[in-house]
Amino acid sequence: MLLRNRQKIANLHTQTQGVDMRVDANAIQDITDLDTNHSKLTFLWLELTRQCNLECTHCYEESDPRLPLLGSMATKDWIRVLTEAANLGVEFVDFIGGEPTLHPDIGLLIATATELGINVGIYTNGTTIKNELWNVLAQNNVRMAFSYYATKAEIHDVVTTRQGSHQKTRAAIIRAVELGLQVRVGVIEIPGVNDDTIEATIAQIRALGVKNVGSDRMRGFGRGVVSLDAIRDPFKELCGACGNTKMAIDYNGDVYPCVFSKFTQLGNVNTGLSILAEGATMQRFLERLNVEHPERATDGECGPDCRPRGSCRPDCSPTDKCQPYYDRRCEPQKDCSP
Ligand code: SF4
0 MLLRNRQKIA NLHTQTQGVD MRVDANAIQD ITDLDTNHSK LTFLWLELTR
50 QCNLECTHCY EESDPRLPLL GSMATKDWIR VLTEAANLGV EFVDFIGGEP
100 TLHPDIGLLI ATATELGINV GIYTNGTTIK NELWNVLAQN NVRMAFSYYA
150 TKAEIHDVVT TRQGSHQKTR AAIIRAVELG LQVRVGVIEI PGVNDDTIEA
200 TIAQIRALGV KNVGSDRMRG FGRGVVSLDA IRDPFKELCG ACGNTKMAID
250 YNGDVYPCVF SKFTQLGNVN TGLSILAEGA TMQRFLERLN VEHPERATDG
300 ECGPDCRPRG SCRPDCSPTD KCQPYYDRRC EPQKDCSP
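Mapping of the sequence shown onto numbering that gives the first Met the number 0: position 4 corresponds to residue 3, and the numbering continues sequentially without gaps.
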């Protein structure tokens with residue numbers, strides 16, 4: 000196992016060009032040390048950047064084009080994280096942001112994750128993807144996730160605050176479907192803006208050939224905060240599907256239970272992923288989450304509609320091993336329909 004991991008690291012060093020991919024001896028030692036620490040981690044969100052070309056009114060990350068493109072995590076740091084994740088048995092990562100396709104090495108990171116045996120997803124607004132990146136997405140069979148707000152461009156573009164974004168996101172969804180990629184779309188309900196058109200929007204996305212379409216309420220984080228209650232008790236704003244099998248890592252290497260849970264920092268990647276996943280801070284977070292979302296303890300992970308309980312957007316769980324809608328941990332149920 001250790002030898003195989005070292006070989007993978009060596010391969011990364013020799014197969015990439017234009018980026019300093021050298022991983023020092025201490026880093027390799029850190030990674031191999033973690034090999035003996037079995038982790039239940041299955042899924043990671045990797046927030047490559049906080050910058051976004053859009054500026055959505057509800058954005059939990061408060062992203063905009065003026066923010067720095069990169070944090071303190073260099074590409075070689077992300078590759079080290081991917082290597083560590085693979086060693087720990089992580090099966091899925093989702094690149095997210097900000098807009099992750101703005102990261103200059105997004106293609107390299109996707110290819111690296113795939114090479115390490117990790118299933119890759121990307122959460123994108125789809126408005127900036129160039130042909131070269133589409134090729135990478137197709138070659139690596141990347142799961143694509145989009146947010147979409149309305150059938151009418153004028154409503155969608157009010158949410159993103161950028162004219163023309165509706166047309167570009169819709170075109171990206173169509174292209175992803177045509178490429179045969181797994182596509183999921185979340186329709187986020189923005190009070191007073193699109194809340195009377197959600198069903199029509201879902202129908203329009205389904206008509207484009209997307210089977211995995213869901214909706215979610217706007218969550219009270221970042222620019223989505225509309226009441227003091229969300230600040231006083233952020234646990235109420237979570238979907239309840241977080242857990243110690245999932246974590247989020249941001250552009251500075253800081254680690255959280257999920258992308259929404261920035262109010263609970265578990266530590267930094269330098270500590271080691273499995274240590275953070277099973278540490279005291281995560282345990283306290285989960286205890287509090289169980290109080291706020293008792294269904295976590297009583298009803299298991301699967302809902303009657305075959306989706307994981309508490310599913311929210313960004314999608315809390317990968318779905319690519321079971322089709323059409325249910326999570327890989329959820330057995331197909333007889334009332335499940337495409
Ligand atoms: S919600 Fe997504 S697309 Fe909109 S500003 Fe935030 S990161 Fe960008």
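For glycine and all other residues, C-beta sits at the position ideal for the given N, C-alpha and C.
Assuming residue i and residue j make a contact with CB atoms under 8 Å, what is their CB distance in whole Å?
i	j	result
Glu46	Asp249	4 Å
Val258	Ile95	6 Å
Asn139	Thr168	Their Cβ separation, rounded to whole angstroms, is 21 Å, which puts Asn139 and Thr168 out of contact at 8 Å.
Ser62	Asn251	At roughly 15 Å, the Cβ-Cβ gap does not stay under 8 Å, so Ser62 and Asn251 are not in contact.
Hey, could you find the ends of the alpha helix (DSSP H) residue i is sitting in?
i	result
Asn86	Thr74 to Leu87
Gly271	It is not in any alpha helix (DSSP H) - Gly271 carries neither H nor E in the DSSP assignment.
Lys167	Ser164 to Glu177
Met281	Ala279 to Glu291
Gly106	Ile105 to Glu114
Asp156	Ala152 to Thr159
Val92	Val92 -> not in any alpha helix (DSSP H); beta strand (DSSP E) instead, spanning Phe91 to Ile95.
Gln138	Asn130 to Gln138
Does the Cβ of residue i lie closer than 8 Å to at least one heavy atom of the ligand SF4?
i	result
Glu98	yes
Asp63	yes
Leu45	no
Tyr255	no
Asn124	yes
Thr159	yes
Glu291	no
Leu53	yes
His57	yes
Glu90	no
Ser214	no
Glu188	no
Ser146	yes
Glu236	no
Glu60	yes
Between the options, which lies nearest to residue i when the distance is taken from Cα to Cα?
i	options	result
Ile201	Arg183, Thr41 and Ile95	Arg183
Tyr147	Thr48, Ile230, His57 and Trp133	His57
Lys39	Arg216, Val89 and Thr159	Val89
Val290	Pro233, Phe262, Ala276 and Asn269	Pro233
Glu131	Arg205, Lys210, Ile78 and Leu107	Leu107
Gln181	Val209, Val254 and Thr280	Val209
Leu178	Leu101, Ala152, Asp253 and Leu207	Leu207
Thr160	Val192, Ala175 and Ala137	Val192
Asn118	Asn124, Val92 and Leu136	Val92
Pro67	Phe262, Leu87, Leu101 and Ala144	Leu101
Ala84	Phe284, Gly271 and Gln50	Gly271
Cys343	His165, Glu294 and Ser214	Since the first and last residues shown for the chain are 0 and 337, residue 343 lies out of range.
Val135	Val268, Ile105 and Ser260	Ile105
Ala137	Ala170, Gln166, Ala175 and Ala152	Ala175
Leu288	Leu265, Lys235 and Asp253	Lys235
Glu277	Trp77, His292 and Lys245	Lys245
Gln162	Leu53, Gln282, Thr41 and Ile197	Leu53
Asn124	Thr150, Arg205 and Ser164	Ser164
Thr41	Asp76, Pro64 and Leu81	Leu81
Starting from residue i and walking both ways along the beta strand (DSSP E), at which residues does that stretch end?
i	result
Gly120	Asn118 to Tyr122
Leu207	Run containing Leu207: none; DSSP gives neither H nor E here.
Val192	Segment: none, Val192 is in no beta strand (DSSP E) and carries neither H nor E.
Ala240	Segment: none, Ala240 is in no beta strand (DSSP E) and carries neither H nor E.
Leu43	Phe42 to Glu46
Ala144	Arg142 to Tyr147
Val254	Asp253 to Tyr255
Tell me, please, whether the CB atom of residue i is closer than 9 Å to any CB atom in chain B?
i	result
Ala170	This model lacks chain B altogether; it includes just one protein chain.
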